[in-house]
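Have a look at the structure below, then the notes.
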């Protein structure tokens, strides 16, 4: 513990004594390095134009006057591994000859062996035969297609059929029989009266084959039918008038509906 | 019990006077009268040019009621409808300037073009029949009927009325184009409109120029009809039909939002008014079937599955009505 503290303190004192240009950090080729506010003594500099032989790409992004010198923001990256002097890639602005060229050593390294340009091919792993990517794709496609075909051609229709058969309502004739019987015995409550009237409308719409008509037209046609008209007029008087009149011929009126033929 | 025949001449005279300027549209006139007699409000859905404004204008004059029209636009403000307090510079006092809502018949043209706050302000006035301007609350004139219109096609730049606000309209009637015979009659009448000369100039007459200013009755006649509608008999069996219909809209597998209790009330009120117009003193299932579409359709919303199957609310309601048994 004490030793590490001593080393840290020693480094703090010695660090400023080590010249910057002696620290050469290796940079992978192709990776940009951004330098800001670096003061380079001398006249204003600019980046040399690139040539086919250039191993470093240098771009000066901003230049600021700094006393007798200039302060630079620049970036660079390497194209080929090796040690270079970045100062070789600067030149005096407007072709001013430089008496003292800046010295900025840089080191670019490559993660690939020398002369190798392309990355190493991926190692070929051996997967079990059945989980090969191609097989997974084939199996997945078969499942997806069978699900789709099931939905399109079978599933929904069958489900709808199951649903509709499960809640298949009784036919108008089946509903009518007990209601007519109750009416003839004088046991028809208000709920049943309403149900009887609605079911008779439904019964007649089936009988006159008016299922495709709108409800307004259906009712109007039923009420103008010579056989249905007297029935509905009497029901209207019985169920809806302020002073209801129960039809005197109720039995005869409802006789055709005690065993109706049309379902 | 009320005798509907006492009111038939008045109602027929109103319909006749409206028919003098508007060809066809008997259903719309009937719906307007139903809304007027039951103190409801009506939303008319239809293309431009179907004589909505002319119809309301003619109806207002026939019944001797005040009529105002507001063209709803995106930049309309609530104060443009309700009114505002204005500083009188001579007296230094605020005076109240009442807006066009203070009328008997208000035509709210293209209501879905205005911002929701304006729609909200009008719908609040419709519901409460009073308006607050500054610190003062004013009652709206009686009768007060809002006839709103909206175009079902052009939806860009509009604010669709939410279900809760649509529910406040007692009826929503979908206007249809006139039949070929009616269309021919419209064109023939238009040929004979003539021109009017005034101050050395001349201008072609429009249908509005031939609307008669002579009312067919007084406001007392209308009050008498409104009173009579409230005396129309509604049987227990009829109420059970209404309950069954409302319940079916709520339990249908294609419907997400069924009819509200307000819809049931509207059906009963509408059936009463229709019974009186038809010369009966009691409501019958025919009234229910006739008004179901206008009362229920705008209050129902289909669920996702039904929409995905390409169904529409009208078909679902027809299905319900056709299988009521």
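Chains as they are written, first to last, in the numbering used here: chain A, 444 to 706; chain B, -17 to 307. Ideal Cβ positions, reconstructed from N, Cα and C, are used throughout, including at glycine.
Assign residue i to buried or exposed, taking buried as 16 or more other Cβ atoms, counted over all protein chains shown, within 10 Å of its Cβ.
| i | result |
| --- | --- |
| residue 464 of chain A | Confidence is the limiting factor: at residue 464 of chain A the pLDDT is only 48, short of 50, which leaves the residue's position unreliable, though a coordinate-based value still follows. Result: exposed. |
| residue 308 of chain B | Because chain B in this structure spans residues -17 to 307, residue 308 of chain B falls outside the shown range and cannot be described. |
| residue 22 of chain B | buried |
| residue 661 of chain A | buried |
| residue 155 of chain B | buried |
| residue 108 of chain B | buried |
| residue 593 of chain A | exposed |
| residue 223 of chain B | buried |
| residue 587 of chain A | exposed |
| residue 502 of chain A | exposed |
| residue 267 of chain B | buried |
| residue 185 of chain B | exposed |
| residue 152 of chain B | buried |
| residue 582 of chain A | exposed |
Is any beta-carbon of chain B found at less than 7 Å from that of residue i?
| i | result |
| --- | --- |
| residue 676 of chain A | no |
| residue 682 of chain A | yes |
| residue 658 of chain A | yes |
| residue 637 of chain A | yes |
| residue 613 of chain A | no |
| residue 475 of chain A | no |
| residue 670 of chain A | no |
| residue 481 of chain A | no |
| residue 679 of chain A | yes |
| residue 622 of chain A | no |
| residue 662 of chain A | yes |
Return yes when the Cβ of residue j is within less than 7 Å of the Cβ of residue i, no when it is not.
| i | j | result |
| --- | --- | --- |
| residue 626 of chain A | residue 697 of chain A | yes |
| residue 271 of chain B | residue 667 of chain A | no |
| residue 164 of chain B | residue 42 of chain B | no |
| residue 484 of chain A | residue 523 of chain A | no |
| residue 82 of chain B | residue 52 of chain B | yes |
| residue 60 of chain B | residue 3 of chain B | no |
| residue 77 of chain B | residue 255 of chain B | no |
| residue 482 of chain A | residue 509 of chain A | yes |
| residue 633 of chain A | residue 218 of chain B | yes |
| residue 470 of chain A | residue 551 of chain A | yes |
| residue 664 of chain A | residue 653 of chain A | yes |
| residue 520 of chain A | residue 478 of chain A | no |
| residue 265 of chain B | residue 253 of chain B | yes |
| residue 504 of chain A | residue 528 of chain A | no |
| residue 622 of chain A | residue 635 of chain A | yes |
Hey, is residue i's beta-carbon within less than 7 Å of any beta-carbon in chain A?
| i | result |
| --- | --- |
| residue 251 of chain B | no |
| residue 286 of chain B | no |
| residue 330 of chain B | Look at the range of chain B in this structure, -17 to 307, and you will see that residue 330 of chain B is not part of it. |
| residue 303 of chain B | yes |
| residue 232 of chain B | no |
| residue 238 of chain B | no |
| residue 12 of chain B | no |
| residue 271 of chain B | yes |
| residue 291 of chain B | no |
In chain A, which residues lie less than 9 Å from residue i when you measure between Cβ atoms?
| i | result |
| --- | --- |
| residue -10 of chain B | Correct list: empty, because the minimum Cβ distance to chain A is about 18 Å. |
| residue 265 of chain B | 683 |
| residue 300 of chain B | 657, 658 |
Residues of chain A with CB under 7 Å from residue i, in chain order?
| i | result |
| --- | --- |
| residue 174 of chain B | Within 7 Å Cβ-Cβ: nothing; residue 174 of chain B doesn't reach chain A, min ~35 Å. |
| residue 217 of chain B | 682, 683 |
| residue 166 of chain B | Within 7 Å Cβ-Cβ: nothing; residue 166 of chain B doesn't reach chain A, min ~25 Å. |
| residue 110 of chain B | Ordered by position in chain A, no residue passes the 7 Å Cβ test against residue 110 of chain B, which lies about 34 Å from the chain. |
Name the chain B residues whose beta carbon is nearer than 8 Å to that of residue i?
| i | result |
| --- | --- |
| residue 648 of chain A | 304 |
| residue 654 of chain A | 304 |
Residue i versus chain B: which residues are under 7 Å apart at the beta carbon?
| i | result |
| --- | --- |
| residue 634 of chain A | 222 |
| residue 640 of chain A | 219, 267 |
List, in order along the chain, the chain B residues whose C-beta lies closer than 9 Å to that of residue i?
| i | result |
| --- | --- |
| residue 645 of chain A | 304, 305, 306, 307 |
Given the structure, does residue i come close to the ligand NAD, in the sense that its CB is under 6 Å from one of the ligand's heavy atoms?
| i | result |
| --- | --- |
| residue 58 of chain B | Questions concerning the ligand NAD fall outside what the structure shown contains, since it holds no ligand whatsoever. |
If the cut is a Cβ gap below 8 Å, which residues of chain A does residue i touch?
| i | result |
| --- | --- |
| residue 142 of chain B | Simply none; closest approach about 27 Å. |
At 3 residues or longer, and completely inside the segment 227 to 283 of chain B: list those beta strand (DSSP E) runs for me, N to C.
237 to 239
Let me know the alpha helix (DSSP H) ranges lying completely inside the segment -4 to 60 of chain B, each 4 residues or longer, listed in chain order.
8 to 19, 34 to 45
Tell me the start and end of each unbroken beta strand (DSSP E) in the segment 523 to 571 of chain A that is at least 3 residues and wholly inside, in chain order.
The segment 523 to 571 of chain A contains these whole beta strand (DSSP E) runs: 525 to 528, 533 to 535, 548 to 552.
For a minimum of 3 consecutive residues, which ranges assigned as the beta strand (DSSP E) are wholly contained in the segment 168 to 214 of chain B?
177 to 180, 183 to 186
Report the residue ranges of all alpha helix (DSSP H) runs contained in full by the segment 280 to 306 of chain B; include only those spanning at least 4 residues, in chain order.
Runs of the alpha helix (DSSP H) inside the segment 280 to 306 of chain B: 286 to 290, 295 to 304.
Unbroken alpha helix (DSSP H) runs of length 4 or more, entirely within the segment 643 to 670 of chain A: which are they?
658 to 667
Scan the segment 61 to 145 of chain B and note each continuous alpha helix (DSSP H) run of 4 residues or more that stays entirely inside, going in chain order.
Listed in chain order, they are 98 to 110.
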